[in-house]
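What follows is a short report on a single structure.
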Amino acid sequence: MMEELDLLKKDWKKNENSFEQVSETSIYKMIHKRSSSIVKLILIISILEFILWNVISFFFLGDGYIKKKYGNDIFKYVVEINTVYNVINYIVVACFIYLFYKNYKRISTTTSTKQLMNDILKTRRTVLYYVWFNILFFVFGSLVILYVQLNYDSKYLKIIEKIHQDNSNLLLLKSVGIVLGSLLIIVILIWLFYKLLYGILLRKLNKNYKELEKIDL
Amino acid sequence: MSESLEQSFVKQLKDNQNIIHKICRLYTSGEDAHKDLFQEITIQLWKAFPKFRGESKFSTWAYRVALNTAITLYRKSTRSISTVEYESRSFFISQEDYNSEEEEQLKLMYQAVHQLNDIEKALIFMYLEDKDYTEIAETLGISEVNARVKMNRIKGKLKKILNP
């Protein structure tokens, strides 16, 4: 047995320097990999999300849907608003995806911890802006449509007339409450959606940041 | 300050990377698995580096952390008996001065070593690296006597694998 082990040892020593050497740059990349893979996931998810919303709106939220939901009075306005809304949305979201891509590129090539920490903070900020944009832009769109409804939709006009006639504060309060309440609920749902989608990734990124901070002391 | 810590880590790791390569050679077969383990060990070393205060040599410290990473990973991933066909080619640089009988014997030896479990591989690795029992015991966190006993058992086991 010893003879065989000696043979093995001899061969082991002989091949000691036969390994393909890893460069310093590759080692830097390896120790930063965790963050870069999270940021890559953020990029992929944002693209998937973009595609998902477009598929949904293409198949389910076409003109037919708008006509059914908003009635004949304001159908035309809503379609126009919807088009403008979508165009602005596409442009802004495309910009965000580009920013996510840039973050990913930077993080996966950086060679210094300081820079990596900065990049992580930047990525976090980009994601937060992205979520805020989605929420605020939705609220803004809803308010525009509400404005159209209040001015042109016969259903809403009737209610307003009634409020004027009866001088009924209760009805006014009730209408405002319903509108604001439903808006709030939808906003919370959107917020939860993003919290779930990106929150986990951001928390992981945060953990990496904390670890880096310890090393950086 | 921070830059120098990171730089010094990367530099020392680069100079000592053969330690990790050798561990990968024992614990994995195939190029991809080798690279994966190399990367995992690198990350673990980097995470542990702030605690390394230079009271021992970098290489000694690296042996310990790297081996423990390999052992833990191996334990987590494959409890099943590894039946992966051992790719002998990546381990042999065909040397002309080998005679074929010796080569055949070596191949069998490597195959046998690959059938050992995670801890046994660690011991064989230290043995191949010419470490004495004191160092083996220290690195693996067992007593010296235990290390000797284990090593003898491994030799027996290898014998059994080679001559069933």
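Those sequence lines, one after another, are chains A and B. With the first letter of the first sequence counted as 1, position 193 gets the number 209 in my numbering; the numbers rise by one all the way through. With the first letter of the second sequence counted as 1, position 144 gets the number 193 in my numbering; the numbers rise by one all the way through. Built from N, CA and C at the ideal position, the CB exists for glycine as well.
Within chain A, the residues that residue i reaches when beta carbons sit closer than 9 Å
i	result
B:Ala92	Reading off the sequence shown, one finds Ile at residue 92 of chain B, where the question assumed Ala. Near B:Ile92 (Cβ distances below 9 Å), the residues of chain A are Met46, Ile47, Lys49, Arg50.
B:Leu177	Leu21, Leu24, Lys25, Trp28, Lys29
B:Met158	Glu20, Leu21, Leu23, Leu24, Asp27
B:Trp95	Ile43, Met46, Ile47, Ile231
CB contact flag (residue i, residue j, <8 Å)
i	j	result
A:Ile58	A:Thr139	yes
A:Ile179	A:Leu188	yes
B:Leu75	B:Lys180	no
B:Thr77	A:Ile47	no
A:Leu2	A:Val155	Any answer about residue 2 of chain A is impossible in this case: the structure gives chain A only from 17 up to 233.
B:Ile173	B:Ile210	no
B:Tyr112	B:Asp167	no
A:Phe149	A:Val108	yes
A:Asn119	A:Thr99	no
A:Trp133	A:Tyr44	The sequence shown places Met at residue 133 of chain A, rather than the Trp named in the question. No, these two residues do not count as a Cβ contact at 8 Å.
A:Ile123	A:Val55	yes
A:Glu36	B:Gln154	no
A:Asn105	A:Phe153	yes
B:Ile72	B:Ser108	no
B:Ala161	B:Leu207	yes
B:Leu177	A:Lys25	yes
Contacts of residue i in chain A (Cβ-Cβ under 8 Å)
i	result
B:Gln88	Met46, Lys49
B:Gln154	Glu20, Leu23
B:Glu151	Leu23
B:Asn67	Glu32, Asn33, Phe35
B:His70	Phe35
Under 7 Å by beta carbon: chain B residues contacting residue i
i	result
A:Ile43	Val59, Leu62, Lys63, Thr91
A:Gln131	Result: empty, since nearest Cβ-Cβ is about 10 Å, beyond 7 Å.
Check: residue i C-beta below 7 Å from any heavy atom of the ligand MG
i	result
B:Phe87	For the ligand MG, the structure offers nothing, since it holds no ligand at all.
Proximal residues of chain B, C-beta to C-beta of residue i below 8 Å
i	result
A:Asn40	Contrary to the premise, residue 40 of chain A reads as Glu rather than Asn in this sequence. Chain B residues near A:Glu40: Val59, Lys60, Lys63.
Does the pairing of the stretch 94-101 of chain A with the stretch 152-171 of chain A give three or more beta-carbon distances under 8 Å?
-> The stretch 94-101 of chain A, when compared against the stretch 152-171 of chain A, does touch it at the 8 Å Cβ threshold.
Evaluate contact between the stretch 204-220 of chain A and the stretch 63-82 of chain B, counting only Cβ atoms and requiring at least three cross-stretch pairs below 8 Å.
-> no
For the stretch 153-168 of chain A, which residues have a beta carbon sitting closer than 9 Å to at least one beta carbon of chain B?
-> none
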